[in-house]
Amino acid sequence: MLYETPPEELGALLGDTPAYRADQLRQWLYRDFVLETTAMTNLPMPLREQLAPELWPFTVEVAQDGDAGRTRKWLFRAPDGASIEAVLMGYDDRVTLCVSSQAGCAMGCTFCATGQFGFERHLTPGEIVAQVAYANAHLKTRPMPSSPRRVTNVVFMGMGEPLANYPRVEESLRRMVEVMDMAARSITVSTVGVVPGIRRLAAAPWQVGLAVSLHAADDELRSTLVPLNDRYPLSEVMAACHEYFERKGRRITIEWALMKGTNDSRDQAVKLAAIATELGAHVNVINLNPTPLSHEQPTERAALSTFMSALEAAGANATLRATRGQDIDGACGQLRSRGSDRPLTITTE
Ligand code: SAH
Ligand code: SF4
0 MLYETPPEEL GALLGDTPAY RADQLRQWLY RDFVLETTAM TNLPMPLREQ
50 LAPELWPFTV EVAQDGDAGR TRKWLFRAPD GASIEAVLMG YDDRVTLCVS
100 SQAGCAMGCT FCATGQFGFE RHLTPGEIVA QVAYANAHLK TRPMPSSPRR
150 VTNVVFMGMG EPLANYPRVE ESLRRMVEVM DMAARSITVS TVGVVPGIRR
200 LAAAPWQVGL AVSLHAADDE LRSTLVPLND RYPLSEVMAA CHEYFERKGR
250 RITIEWALMK GTNDSRDQAV KLAAIATELG AHVNVINLNP TPLSHEQPTE
300 RAALSTFMSA LEAAGANATL RATRGQDIDG ACGQLRSRGS DRPLTITTE
């Protein structure tokens, strides 16, 4: 598999072809992006044919379009059956790909469909960067209406907890920044609060953004939603975020999924604002996307604006984010494919 080989070692796969072939291949895999090796026009035809089955480390099982063509979701399938989901969102000034870092997730957050369905396995660096490469190759043949024709931003907000898969995620970041030439600042790693992972990422050389999924502003409530809070309570998560901010000079983002009657009170808003201002963090509020195995519901419109006003009044810097991909089960927290047991609408590419 081409993406399973580190980009610097591609030559070893090519036997006794001239050395510059590895550079050409690397260029196709990490810069130029094509859906099929037959389009790698500067490689000899026999080599293109030989590499054809090796290009993608997965097959495309389902591709769906939503939001009038500006959201695209893929369910990829690895040869061992693991499912990998990625969601592409087009805007006027950017195209953001939401990538998965694990098949499933072991963290068990109660309100998240991925957590509800459990852990399958870690994704490899190749499987992570191939999601970005595939989306780029796809955008070249099928651009989105009035959006850039390449992936400009990557967020690790698909399936999985990236910092519980640290070494592989770090290698995927290295390839995105140093080989694909993406701006580190346009990449965001989202974590539920894996403290050792936050510290390791703080020490890594790239200025990637960090988003921390808080959802509750005190330990008592947070432990009911996020089991990992028992291991890394809020004070420890905050200390690690401080370190991240100091080392990178990048403002942290706090993610907050609003759940009706659970974390949408004034009291939580005030406590959240205190945490955010102390950290100098920006708060991204998103209304919950309901999931099958949880009774949590989204907050109603009036309570939502009360919550936002309370945050603002308490001095927090906050934005209410619109949800994308709800019509194709591609919204935050709704990714949950396991095995082939899941009914999905299939659209053709
Ligand atoms: N494991 C990482 C990244 C993947 S989850 C993390 O938890 O941060 C990406 C984001 O989706 C997180 O902010 C997560 O809290 C949020 N999320 C999970 N379930 C959700 C739901 N049902 N509705 C809205 N957001 C949800
Ligand atoms: Fe895992 Fe993030 Fe879902 Fe929690 S919210 S179960 S950490 S994917």
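Quick note, the sequence shown lines up with residues 0 to 348 if you use numbering that gives the first Met the number 0. Just so it is clear, CB atoms sit at the ideal spot from N, CA and C, and this is done for glycine as well.
Between the ligand SF4 and GLY10, a heavy atom-to-CB distance of less than 7 Å is absent. With distances taken between CA atoms, ALA238 lies nearest to ILE197 out of GLY114, ILE197, LEU227. Secondary structure at CYS108: coil, using DSSP grouped into helix, strand and coil. Cβ atoms of LEU172 and THR190 stay farther apart than 8 Å, at about 13 Å.
Residue VAL282 holds the alpha-carbon nearest to the alpha-carbon of THR318 among TRP205, VAL282, ASN262, ASP328. Between the ligand SF4 and THR223, a heavy atom-to-CB distance of less than 7 Å is absent. If you look at LEU24, you'll find it isn't in any beta strand (DSSP E); it sits in the alpha helix (DSSP H) that goes 19–26. Note that the C-beta distance between GLY324 and GLY65 is below 8 Å. A distance criterion of 7 Å places the beta-carbon of GLU254 in contact range of the ligand SAH, judged by its closest non-hydrogen atom.
Rounded to the nearest whole angstrom, the CA to CA distance from ARG20 to VAL154 is 32 Å. Spatial neighbours of ARG320 in its own chain (CB-CB distance under 6 Å, excluding positions within 5 residues in sequence) are listed in chain order as ASN283, ILE285. Shortest gap from the CB of SER146 to any heavy atom of the ligand SF4: 7 Å or more. The stretch 253–303 contains, as complete alpha helix (DSSP H) runs of 4+ residues, the segments 265–278 (chain order). In terms of CA proximity to ALA183, GLY208 leads the group LEU13, GLY208, ALA18.
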